[in-house]
Amino acid sequence: MTTLNETHDASLRSWVASANAEDGDFPIQNLPFGVFRRRHGGDAWRIGVAIGDRVLDLPAVARTGTAVGAAVASSLGDVEAPTLNALMAAGPTAWSDLRLALSRALRSGAPEEGDLVACLHAQADVEHAVPARIGDYTDFYASVHHATNLGRLFRPDAPLLPNYKWVPIGYHGRSSTIGTSGESFHRPRGQTMPPGANVPVFGASERLDYEFEVGIFIGTGNDAPIPIDEADRHVFGLCLLNDWSARDIQAWEYQPLGPFLAKNFATTISPWVVTTEALAPFRVAWQRPDSDPRPLPYLDAPVVWDEGAFDIQLEAGLCTPRSESAMRLSRTSFRHAYWTIGQMVAHHTVNGCRLAPGDLFGSGTASGPTETEAGALIELVEGGRKPLTLANGEVRTFLEDGDTVVLKAWCEKAGARRIGFGECRGTILAAR
Ligand code: CA
Numbered sequence: 002m003t004t005l006n007e008t009h010d011a012s013l014r015s016w017v018a019s020a021n022a023e024d025g026d027f028p029i030q031n032l033p034f035g036v037f038r039r040r041h042g043g044d045a046w047r048i049g050v051a052i053g054d055r056v057l058d059l060p061a062v063a064r065t066g067t068a069v070g071a072a073v074a075s076s077l078g079d080v081e082a083p084t085l086n087a088l089m090a091a092g093p094t095a096w097s098d099l100r101l102a103l104s105r106a107l108r109s110g111a112p113e114e115g116d117l118v119a120c121l122h123a124q125a126d127v128e129h130a131v132p133a134r135i136g137d138y139t140d141f142y143a144s145v146h147h148a149t150n151l152g153r154l155f156r157p158d159a160p161l162l163p164n165y166k167w168v169p170i171g172y173h174g175r176s177s178t179i180g181t182s183g184e185s186f187h188r189p190r191g192q193t194m195p196p197g198a199n200v201p202v203f204g205a206s207e208r209l210d211y212e213f214e215v216g217i218f219i220g221t222g223n224d225a226p227i228p229i230d231e232a233d234r235h236v237f238g239l240c241l242l243n244d245w246s247a248r249d250i251q252a253w254e255y256q257p258l259g260p261f262l263a264k265n266f267a268t269t270i271s272p273w274v275v276t277t278e279a280l281a282p283f284r285v286a287w288q289r290p291d292s293d294p295r296p297l298p299y300l301d302a303p304v305v306w307d308e309g310a311f312d313i314q315l316e317a318g319l320c321t322p323r324s325e326s327a328m329r330l331s332r333t334s335f336r337h338a339y340w341t342i343g344q345m346v347a348h349h350t351v352n353g354c355r356l357a358p359g360d361l362f363g364s365g366t367a368s369g370p371t372e373t374e375a376g377a378l379i380e381l382v383e384g385g386r387k388p389l390t391l392a393n394g395e396v397r398t399f400l401e402d403g404d405t406v407v408l409k410a411w412c413e414k415a416g417a418r419r420i421g422f423g424e425c426r427g428t429i430l431a432a433r
């Protein structure tokens, strides 16, 4: 069972004043990790922790000679590292020790304030890199609502394939085109088969979509299959992930081996990795209908049912060239996922497959049960039949050049401090 500790205490406040804002994403109870550098100044990429509207510069903390500096040095190994991989490899005890040291040093009244205040940068002044060297990227398909909605469009006669409720479905993606929030990319070109045609055409995708997913960073790797009741200990933390998808390319290419060029032109993730320890207060029971099969034993354990799901609020918005403020597309919770993160880890490794620190999973589009909870346009517009009218009167079936998709997520409940993920934002440029 996950245990809460003093770092989760909802009454904790920080000497970093902006961290105490009620609706902020980064209070002292969160402490997510990322890789940053100042936008101007020519300095190196390095590891930081978000606190309020600041970034705590961990190499700078290590140089202070304080107890928290020693904790940083011991957890990170190479404190100047430009990725989180070594920290991810260090394991859950090291992650927890570092979180505790940071929490104590950032609390109101902490004697470290005088040393650490010089280690802060304004988030507005920094830029981010992908937080880990991602060796492998796997995209799952863990929302039964998404799988059913999409299946209905692609295969009206058999929307949900017979393996879905037994196997956590996934495919191996590519890490080479994973970028961070704020990126822009060109609309992909490729082969499509227009409706009613006999011969495919080549050109810019006309059905460009987003997929709102939760990104899952693996911490410690494995040589042997990871048992289901140990799987959570291999997960370092979560981020937001947009699996951009060209639906017209996908429809023509996906059989028989699954997604290929419809997906690997761009994947955008949020810069901050929220640790599973920070998310502990927001674990909830995992549910599946009584009429559905019980998971096979290697995917089943009390911990799965007791606290396998995470209640993370997910909200997607769209900015267009005519609207700089994001207009809501959908809102749901990650608690509706049909498979838990632990089940994804156990399933991925059950055949002997190795995971490594920094490997990334996508959860699959996190659609909820109702039509306003869909995590992709193709579901919201019912395959294109029902265009969506935005708050400013503009209409969309799929994404247009100049559009920016903004993903946000947060957790809140009575008795716990609200924590957030920040933003995952990406913009579409014209095809080249
Ligand atoms: Ca996906």
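So the sequence shown is numbered by the numbering used here: it starts at 2 and just counts up by one. Glycine is no exception: its CB is placed at the ideal position from the N, C-alpha and C atoms. On a predicted model such as this, the values are computed, not experimentally measured, just so you know.
- Remark: C-beta atoms of residue 395 and residue 409 do not approach each other more closely than 8 Å.
- The DSSP assignment places complete alpha helix (DSSP H) segments of no fewer than 4 residues inside the segment 274-314 at 303-308, in order along the chain.
- Bridge partners of residue 217 according to DSSP: 239 and 362.
- Every residue whose beta carbon comes nearer than 5 Å to a heavy atom of ligand 1 appears here in chain order: 140, 212 and 244.
- With the rule of 3 Cβ pairs closer than 8 Å, the segment 226-241 does not count as touching the segment 249-260.
- In this structure residue 23 is exposed. Its beta-carbon is surrounded by fewer than 16 other beta-carbon atoms within 10 angstroms.
- Residue 310 sits away from residue 420, with the two beta carbons spaced by 8 Å or more.
- The DSSP-derived three-state label of residue 85 is coil.
- One alpha carbon belongs to residue 360, the other to residue 136, and they sit about 6 Å apart.
- If you ignore the 5 residues before and after residue 17, its C-beta comes within less than 6 Å of the C-beta of 52, 53 and 55, all in its own chain and listed in chain order.
- Nearest C-alpha to residue 30 among 37, 50 and 45: 50.
- Sequence-distant Cβ neighbours of residue 101 in its own chain, meaning closer than 7 Å and more than five residues away, are 8.
- Under the 8 Å Cβ criterion, the segment 377-388 counts as touching the segment 149-160, having at least three qualifying pairs.
- Listed in chain order, the non-local C-beta contacts of residue 285 below 6 Å within the same chain comprise 310, 312 and 336, local neighbours out to five positions each way being set aside.
- The Cβ atoms of residue 306 and residue 143 lie no closer than 8 Å to each other.
- In this structure, the straight-line span from the alpha carbon of residue 132 to that of residue 273 is close to 8 Å.
- Annotation for residue 130: 36 and 46 place their beta carbon closer than 6 Å to its own, counting only its chain and skipping 5 residues before and after.
- Taking C-beta atoms as the reference points, residue 357 and residue 215 fail to come closer than 8 Å.
- By the Cβ-count criterion, residue 431 is exposed, with fewer than 16 other Cβ atoms from all chains shown falling within 10 Å of its own Cβ.
- CA-CA distance, residue 174 to residue 243, rounds to 13 Å.
- Under the criterion of beta carbons closer than 8 Å, residue 169 and residue 141 qualify as touching, at roughly 6 Å.
- Between residue 426 and residue 206, the C-beta spacing is not below 8 Å.
- Between residue 412 and residue 283, the gap from beta carbon to beta carbon is short of 8 Å.
- Using a Cβ distance threshold of 8 Å, residue 34 and residue 209 do not count as a contacting pair.
- Residue 117 is a Cβ neighbour of residue 106, given a cutoff of 8 Å.
- Within the same chain, and ignoring the five residues on either side of residue 15 in sequence, the residues whose Cβ sits closer than 8 Å to its Cβ are 21, 28, 29, 52, 53, 107, 108 and 109.
- Residue pairing for residue 170: DSSP places it in no beta bridge.
- No Cβ-Cβ contact shorter than 8 Å links residue 87 with residue 103.
- With contacts defined by Cβ atoms closer than 8 Å, residue 331 and residue 317 form a contacting pair.
- Within a 10 Å sphere around the beta-carbon of residue 344 sit 16 or more other beta-carbons, which makes this residue buried.
- Here residue 185 really is in contact with residue 428; their C-beta atoms are around 4 Å apart, less than 8 Å.
- Residue 73 is positioned such that its CB atom lies closer than 8 Å to that of residue 99.
- Between residue 80 and residue 63, the C-beta gap is smaller than 8 Å, which places the two residues in contact.
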